[in-house]
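Below you'll find the structure, written out as structure tokens, and then a few comments.
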Amino acid sequence: MKQLYVKVVKQVAADTAYLCTAFPIALAAFAVGVAAFAAGVGTVAVWVGVPILAATLYAVRGLSAAARGRLAALLRRPVARPRYKRAPGDAGRMRRFLAPLTDPRSWKDLVWAAVQFPVALFGFVAGVTWWAVTLAVTLYPLYGWLIRRHVETDGMEYATTWLGWGDAYSDATTLAGIGSFVFSMLQPVVLRGLAKMQSAVDAALLTSPADEVRPPVVGDAVARARQRLAV
23 MKQLYVKVVK QVAADTAYLC TAFPIALAAF AVGVAAFAAG VGTVAVWVGV PILAATLYAV
83 RGLSAAARGR LAALLRRPVA RPRYKRAPGD AGRMRRFLAP LTDPRSWKDL VWAAVQFPVA
143 LFGFVAGVTW WAVTLAVTLY PLYGWLIRRH VETDGMEYAT TWLGWGDAYS DATTLAGIGS
203 FVFSMLQPVV LRGLAKMQSA VDAALLTSPA DEVRPPVVGD AVARARQRLA V
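Residue numbers (my numbering): 23 to 253.
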């Protein structure tokens, strides 16, 4: 039973962290992606927009990398990193800089920046609201009496009166206790669902079956050394 409780607590913490960190990354990606893309398209006729679009794709690429790191932490396993298109080795600086413009993977990151913002916003607001309500009803016995001392009503008596219990403070604390139990029991399920919704969007747009998890450079060097020794 203790192990199950610890597992649930860890999952709630992971889902909460994932939802809370999704919003700032989503906001930055949406603001940079949409605003800079609009500016680039608007000035592409005078060629100024071309480097702006390339810079936009580079910026979104960095933010999408941060999102993949969050996704890997939530799933507790490595997440495939995409292979971005590169210009030939003999290409000039400008051609290398503009390489993302002909890379479908880079444009897919831009689509992610636009699509995931409303999902991240909903998940963040819903998750924070659920936490706020759960804490409010759980801690009500500690602060409810103080509100009633300085304010004519705290709103709880409306609910208790509607239920036919009366308007006493004991009735309000009883209702708060029931609410605390219900919201606490449903919290892992609600947060898990919100995190899965967000992670599904991230996984669909930030990864693909063709992507492979590339080993570290040190691992590559060790593997090559072992092959040479085996020969």
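For glycine and all other residues, C-beta sits at the position ideal for the given N, C-alpha and C.
Note that this is a predicted model, so its numbers are computed, not measured.
Out of Pro210, Leu164, Thr229, Leu227, the CA that lies nearest to the CA of Val28 is found in Pro210.
The beta carbon of Arg170 is closer than 7 Å to those of Asp176, Tyr191 in its chain, skipping five residues each way along the sequence.
In this structure Thr196 is not in contact with Tyr162, their Cβ atoms being roughly 10 Å apart against a cut-off of 8 Å. Going by DSSP, Met207 is part of the alpha helix (DSSP H) stretching over 191 to 228. In this structure, DSSP gives Pro110 a state outside helix and strand, which the three-state scheme calls coil. Scanning the stretch 166 to 190 for uninterrupted alpha helix (DSSP H) segments of 4 residues or longer gives 178 to 184, listed from N- to C-terminal end. DSSP, reduced to helix, strand and coil, places Thr65 outside both helices and strands of the structure shown, so it counts as coil. Assigned with DSSP and collapsed to three states, Leu161 falls in coil, not helix or strand.
Closest option to Gln138, judged by alpha-carbon separation, among Leu157, Ala39, Ala89, Ser206: Ala89. For Ala121, no alpha helix (DSSP H) run applies, since DSSP gives it neither H nor E. Per DSSP, Arg90 is one residue of the alpha helix (DSSP H) stretching across 71 to 97. Using a Cβ distance threshold of 7 Å, Val212 and Trp153 do not count as a contacting pair. Under the 10 Å beta carbon count, Phe146 is surrounded by 16 or more other beta carbons and is classified as buried. A direct Cα-to-Cα measurement between Val82 and Glu179 gives close to 50 Å. Within a 10 Å sphere around the beta-carbon of Ile200 sit fewer than 16 other beta-carbons, which makes this residue exposed.
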